[in-house]
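S.K.: First, the structure itself, so that you have it in front of you.
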Amino acid sequence: MNCCNNKPVIALSGNENLCKSHFTGYFEAKVFKTIRQFELLDKEDSLGIALSGGKDSLTVLSILNKLSKQNPKIKINAIAIDEGIKGYRDKTLEHATDFCNKNSIELHIFSYKEEFGLTLDEMLNALDVKPCTICGIFRRYLLNKKSRELKLTKLATGHNLDDECQSILMNQLKDNIEASARLGPKTGLASDKKFVQRIKPLYMCAEKEVATYAFINGLLDNFRECPNTPQSFRAQVRDMLNGMEQKFPGTKNSIINSFLQILPLLKQQFKNGAIKYCASCNEPSANEICNACIYLEKLREKI
Ligand code: SF4
Ligand code: ZN
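Here the sequence shown stands for residues 30 to 332, numbered as in the numbering used here.
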């Protein structure tokens with residue numbers, strides 16, 4: 030059923046077809062409802078938005094920018110990480126910079142090369158590791174450290190419903206349930222002065238919805254995918270979930286809804302795993318030495 034006489038841009042489950050204007054309203058209302066329902070924001074927040082230049086992060090930045098205009102007590106800054114992936118990140122960062130310039134949003138860019146002495150490409154030449162494993166460890170490390178140094182109260186990411194489903198399933202498949210306890214619309218198990226809490230305003234939005242919102246609102250650049258994506262375990266789980274969703278519509282929503290029911294129990298179960306500080310760099314860590322320092326040491330031995 031169509032929403033009005035305008036041309037539909039998306040078919041939602043439940044046989045509802047929405048035009049550009051009705052879909053934009055529907056999508057933004059869904060994000061604002063997620064923010065309220067999971068209490069993602071406080072009355073005053075100095076928010077960082079982790080910006081990659083892709084559709085998810087630009088969508089979340091664009092919506093939070095609208096929100097901060099309506100509510101001046103919510104301040105926003107964009108933070109981008111340049112991992113050093115030739116032919117990919119340089120292009121997406123150009124797009125991110127353009128968007129921030131056009132919308133007068135302050136953008137802070139930090140690079141692996143400057144912080145760790147090597148680009149991701151150089152790290153991957155030196156070590157035999159899965160690209161996304163090492164890339165994710167250094168990105169999370171840098172985002173947290175820099176957000177804290179910038180005195181941001183929270184860090185919003187563009188994770189959507191599909192990303193969360195993949196993470197839940199990946200943790201199950203790898204027998205890593207404690208990692209699932211740190212998921213959810215607000216990440217982490219305990220608050221800590223050195224840990225900037227992450228929030229996921231797109232938590233209830235499917236990938237297809239985010240892509241449509243980004244497309245109709247002019248947020249998409251030429252579609253680019255990281256050259257390391259095909260190797261990732263996540264990409265295989267994503268394909269499996271997409272196949273299931275096609276055969277059994279509603280699969281992803283069911284995973285998220287059931288996960289939200291058990292999440293409080295998981296958080297309770299693992300809440301005593303206190304955050305420690307790395308003996309080498311003093312950043313928050315689950316172990317005595319953080320993963321970033323472990324890999325940096327391995328890189329030093331090789332180079
Ligand atoms: Fe890094 Fe993997 Fe993402 Fe590429 S796909 S940016 S290597 S985490
Ligand atoms: Zn460390």
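Yeah, the Cβ is synthetic: ideal placement off N, Cα and C, and Gly gets one too.
Taking Cβ positions, are I332 and L147 nearer each other than 9 Å?
M.R.: Position 303 of the sequence shown holds residue 332. Position 118 of the sequence shown holds residue 147. It is a contact, given that the beta carbons lie within the stated cut-off.
S.K.: From P256 to D111, what does the alpha carbon distance come to, in whole angstroms?
M.R.: Counting from one through the sequence shown, the residue named residue 256 turns up at place 227. Counting from one through the sequence shown, the residue named residue 111 turns up at place 82. Those two C-alpha atoms are separated by around 15 Å.
S.K.: Could you check the C-alpha separation between L93 and N189 for me, to the nearest Å?
M.R.: Within the sequence shown, the letter at position 64 stands for residue 93. Within the sequence shown, the letter at position 160 stands for residue 189. Roughly 15 Å between the two C-alpha positions.
S.K.: Using CA atoms only, rank isn't needed, just tell me which of N130, N46, F67, D204 is closest to P230.
M.R.: Along the sequence shown, one-based indexing puts residue 230 at 201. Nearest option by C-alpha distance: F67.
S.K.: With respect to the alpha helix (DSSP H) encompassing H188, which residues constitute its N-terminal and C-terminal limits?
M.R.: Within the sequence shown, residue 188 is the residue found at index 159, counting from 1. No alpha helix (DSSP H) contains H188, which DSSP labels as neither H nor E.
S.K.: For the ligand ZN, enumerate in chain order all residues having a CB closer than 7 Å to any of its heavy atoms.
M.R.: My final list is C307, S309, C310, E312, S314, I318, C319, A321, C322.
S.K.: Under 9 Å between the Cβ atoms of E135 and K102?
M.R.: Position 106 of the sequence shown, counted from the start, is the residue given in the question as residue 135. Position 73 of the sequence shown, counted from the start, is the residue given in the question as residue 102. No, the Cβ-Cβ distance between E135 and K102 is not below 9 Å.
S.K.: Just to confirm, is the Cβ distance from L76 to T182 under 9 Å?
M.R.: In the sequence shown, counting from the first residue as 1, residue 76 sits at position 47. In the sequence shown, counting from the first residue as 1, residue 182 sits at position 153. For L76 and T182, yes; Cβs fall inside 9 Å.
S.K.: If I78 sits next to I105, beta carbons under 8 Å apart, how far is it from one beta carbon to the other, in whole angstroms?
M.R.: Here the question's residue 78 lines up with position 49 in the sequence shown. Here the question's residue 105 lines up with position 76 in the sequence shown. Indeed, because the Cβ distance is near 6 Å, the residues count as touching under 8 Å.
S.K.: Any idea which residues DSSP pairs F139 with across the strands?
M.R.: Along the sequence shown, one-based indexing puts residue 139 at 110. Answer is I110, bridged to F139.
S.K.: Could you give the DSSP three-state label for A40: helix, strand or coil?
M.R.: Looking up residue 40 in the sequence shown gives position 11. A40: strand per DSSP, three-state reduction.
S.K.: What number of angstroms, rounded off, separates the C-alpha of L179 from the C-alpha of Q275?
M.R.: The residue labelled residue 179 in the question sits at position 150 within the sequence shown. The residue labelled residue 275 in the question sits at position 246 within the sequence shown. Cα-Cα distance, rounded: 43 Å.
S.K.: Which word fits T63, buried or exposed, when buried means at least 16 other C-beta atoms lie within 10 angstroms of its C-beta?
M.R.: For this step, residue 63 is matched to residue 34 along the sequence shown. The residue in question, T63, is buried, as its Cβ has 16 or more Cβ neighbours within 10 Å.
S.K.: Give me whichever residues DSSP pairs with I78 in a beta bridge.
M.R.: The count along the sequence shown starts at 1 and reaches residue 78 at position 49. A107, A185, per the DSSP bridge assignment.
S.K.: Tell me the DSSP bridge mates of C48?
M.R.: Position 19 of the sequence shown holds residue 48. For C48, which the question treats as bridged, DSSP gives the partners P37.
S.K.: Less than 7 Å between C-beta atoms, sequence neighbours within five positions excluded: which residues of the same chain meet that for M233?
M.R.: Working through the sequence shown from its first residue, we reach residue 233 at position 204. Cβ within range, chain order: K59, T63, L190.
S.K.: Would you call the region 154–169 and the region 256–273 touching, i.e. three or more CB-CB distances under 8 Å?
M.R.: Result yes; three or more Cβ-Cβ pairs closer than 8 Å.
S.K.: Compute every distance between the C-beta of T258 and the non-hydrogen atoms of the ligand MN, then say whether any falls below 8 Å.
M.R.: Inclusion of the ligand MN in the displayed structure is not the case, the ligand content consisting of the ligand SF4 and the ligand ZN alone.
S.K.: Hey, Q195 and R253: beta-carbon distance below 9 Å or not?
M.R.: As a working mapping, residue 195 is identified with position 166 in the sequence shown. As a working mapping, residue 253 is identified with position 224 in the sequence shown. Contact flag unset, no.
S.K.: What residue from N44, T53, N35 has the CA that sits closest to V239's CA?
M.R.: As a first step, residue 239 must be located in the sequence shown, where it is residue number 210. The candidate whose alpha carbon is nearest that of V239 is T53.
S.K.: Could you tell me the alpha carbon to alpha carbon distance between K175 and L153, rounded to whole angstroms?
M.R.: Sequence index remark: in the sequence shown, residue 175 carries index 146 (1-based). Sequence index remark: in the sequence shown, residue 153 carries index 124 (1-based). Rounded to whole angstroms, K175 to L153 spans 24 Å at the Cα level.
S.K.: Judging by CA-CA distance, which residue of A210, I39, E151, R168 is the nearest neighbour of A243?
M.R.: Taking the sequence shown and counting its residues from 1, the one referred to as residue 243 is at position 214. Here the closest residue by C-alpha is I39.
S.K.: Identify every run of the alpha helix (DSSP H) within the region 236–284, keeping only runs that are complete inside it and at least 4 residues long; order them along the chain.
M.R.: For the region 236–284, whole alpha helix (DSSP H) runs of length 4 or above, ordered along the chain, are 236–245, 262–276.
S.K.: Within a Cβ cutoff of 8 Å, which residues of the same chain sit near D221, ignoring the five residues on either side of it in sequence?
M.R.: Walking along the sequence shown from the start, residue 221 turns up at place 192. Once the five neighbours on either side are set aside, the close Cβ partners of D221 are I304, P313.
S.K.: With a Cβ-Cβ cutoff of 9 Å, do T280 and L289 count as a contact?
M.R.: Here residue 280 refers to the residue found at position 251 of the sequence shown. Here residue 289 refers to the residue found at position 260 of the sequence shown. No; because the gap between Cβ atoms is not below 9 Å, this pair is not in contact.
S.K.: Going by DSSP, what residues sit across from D221 in a beta bridge?
M.R.: Looking up residue 221 in the sequence shown gives position 192. D221 is bridged to F224.
S.K.: Quick check: is any heavy atom of the ligand SF4 less than 8 Å from the C-beta of E112?
M.R.: In the sequence shown, the residue the question calls residue 112 occupies position 83. Yes; taking the cut-off as 8 Å, the Cβ of E112 has a heavy atom of the ligand SF4 nearer than that.
S.K.: Can you check DSSP and say which residues form a bridge with P333?
M.R.: This structure leaves residue 333 out entirely; the chain is present only between 30 and 332.
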